Amino acid sequence: MKQSQWSSRLGYILAAAGSAVGLGAIWKFPYVTAANGGGAFLLVFLLFSFTLGVAVLMGETLLGSMSRRGVVGAFSALMGKRWRWVGAMGLLCSLLIFSFYSVVGGWTLGYTGMALAGSLQHGDGAALTARFNDYVGDPLWPVLTHLLFAALTWWFVQGGVQQGVERTLRWMMPALFIMILLLVAFGLTLPNAMAGVRHFLMPDFSKLGMSGVLDAMGLAFFSLSIGLGIHTTYGAYLPSSEGVGRSSLWVVLLASLIAVLAGLMIFPVLAATGIDPASGPGLTFMTMPAVFQQLPFGQGLAVIFFSLLVVAALSSAISLLEHLQCFICESLGWSRRAACSLITLLVMVNGIPVSLSFGPWADVTLFGKNIFELLDFVTSNLMMPMFGLALTLLLGWKLGQRALPQGLAQHWRTLVMGCWRWLAPLLIGGILLRGLM
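Under this note's numbering, the very last position in the sequence shown is 438; numbers go up by exactly one each time.
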């Protein structure tokens with residue numbers, strides 16, 4: 002099978018950054034930053050991102066560019082067949098994440114429709130909370146929006162690397178930036194906006210305990226989509242390993258910039274309306290609609306905000322489907338469209354019980370967690386750290402200097418090898434232990 006390729010380095014960087022920029026950058030990063038000392042947390046996050054993040058992202062990408070294969074084939078070719086299980090774990094983790102991520106992506110589609118209809122412009126906080134609970138608990142509509150979101154992802158990916166993934170993300174990522182910048186610019190014009198900026202960015206090291214440092218480390222690692230093998234698949238589409246380090250730096254820079262802009266988008270409008278910040282779906286689907294009710298042009302701002310969420314969700318979902326279909330095409334020789342269709346069908350079916358776990362199947366639990374919570378815990382707290390730990394140990398101790406691109410200066414080679422062999426395994430091991438506690 003002829004290997005697909007990116008048409009340009011820029012196309013690859015936008016695709017890799019799109020994989021990293023998901024809903025978590027918008028609904029988790031700003032809240033966690035403000036709760037852990039603002040600028041103090043941000044400094045630690047950026048430190049980990051541009052050390053641990055760049056080094057591990059580069060290593061994961063180099064596996065693909067060296068082997069010209071997807072994640073399972075790359076581990077088999079470079080590490081030996083007995084290490085194929087690491088790549089297989091990354092694929093399984095990607096499938097599970099896509100299955101529940103598509104459900105949440107469907108929520109963003111549903112709320113974009115509500116924003117367009119103007120139905121979010123009425124009701125107080127309690128009414129908006131009830132609306133959200135009624136929506137996700139409904140046995141029909143969230144399932145339909147989940148199916149629509151999965152189908153949209155299929156449409157963008159089945160067209161190929163250059164004509165599908167790359168062409169889509171060439172407009173999707175700039176659109177994401179423009180929508181965020183519009184909301185940032187509007188928010189900064191509001192009364193008391195600078196109080197929100199200070200709350201988000203002012204360093205307060207008294208609030209940055211060890212828990213905050215571990216949160217910063219975990220966000221720096223997982224916000225880049227490391228731990229799934231996606232960047233190995235994307236690396237396989239690069240024409241050579243040359244410039245992987247520089248490209249990895251650009252990916253981290255873009256992902257970090259969007260996360261910071263998300264905070265500058267959210268906290269000024271929260272400060273202007275006097276509404277306390279929340280985290281996760283609470284911020285997105287309950288707090289922000291209440292904020293937009295109090296602002297001029299509120300309905301238009303709500304439409305832009307939820308459209309932004311759709312784009313952010315799709316950019317990550319595209320990378321998950323591309324990663325999974327690559328394995329099917331590579332191992333079974335299927336056409337891209339057939340592979341995309343199989344994976345999408347699996348995700349559609351798997352996502353139905355996930356969606357129902359907020360409604361009719363809410364009482365179906367294991368270890369005190371519903372289906373959605375269980376999948377989130379297993380993937381984020383167990384599988385992704387295990388993949389990252391195995392990846393860095395194998396890069397540092399099995400491949401060694403062979404994994405580094407030609408032309409990399411000696412001092413950089415020493416730093417990267419030190420990160421792969423010692424720093425990254427130690428820190429990722431800490432993330433894994435914290436997730437189990």
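Just so it is clear, CB atoms sit at the ideal spot from N, CA and C, and this is done for glycine as well.
Note that this is a predicted model, so its numbers are computed, not measured.
Item                                                                                                                : Value
At least three beta-carbon pairs within less than 8 Å, the segment 91 to 100 to the segment 249 to 268              : no
Nearest-angstrom Cβ-Cβ length linking V57 and G389, presumed shorter than 8 Å                                       : 7 Å
Alpha carbon of M2 to alpha carbon of C327, nearest angstrom                                                        : Model confidence at M2 stands at a pLDDT of 49, short of 50, so the residue's coordinates are unreliable; what they give is reported in the following sentence. Whole-angstrom Cα-Cα distance: 11 Å.
Candidates L15, W335, G408 and A217, of which the one nearest R171 by Cα                                            : L15
Under the three-state DSSP convention, the category K82 falls into                                                  : helix
For L239, three-class secondary structure by DSSP                                                                   : coil
Expected contact under 8 Å - CB spacing of A1 and V45 to nearest Å                                                  : In the structure as shown, the chain begins at 2 and stops at 438. Residue 1 is therefore absent and cannot be evaluated.
Minimum C-alpha distance to Q294 - residue among M67, A89 and A128                                                  : A128
In chain order, each alpha helix (DSSP H) run of at least 4 residues that lies wholly inside the segment 176 to 214 : 194 to 202
Presumed contact (8 Å Cβ cut-off) between S66 and V245, rounded CB distance                                         : 6 Å
One or two residues paired with L367 in a DSSP bridge                                                               : K370
Distance, L148 Cα to K208 Cα                                                                                        : 42 Å
Per-residue burial, V312 [other beta carbons within 10 Å of its own, 16 or more giving buried]                      : buried
Cα-Cα separation between L145 and F286, rounded to whole angstroms                                                  : 18 Å
Limits of the unbroken alpha helix (DSSP H) element including I305                                                  : G299 to L333
Terminal residues of the alpha helix (DSSP H) in which L145 lies                                                    : W142 to V158
Min CB distance M90 to chain D below 9 Å                                                                            : The structure shown contains no chain D; it holds only a single protein chain.
Selection from M438, P426, S5 and Y13 that minimises the alpha carbon distance to F222                              : P426
Rounded C-alpha distance that separates T393 from V417                                                              : 11 Å
S226 vs F51 beta-carbon contact at 9 Å                                                                              : no
Any 3 or more C-beta pairs closer than 8 Å across the segment 181 to 195 and the segment 376 to 387                 : no
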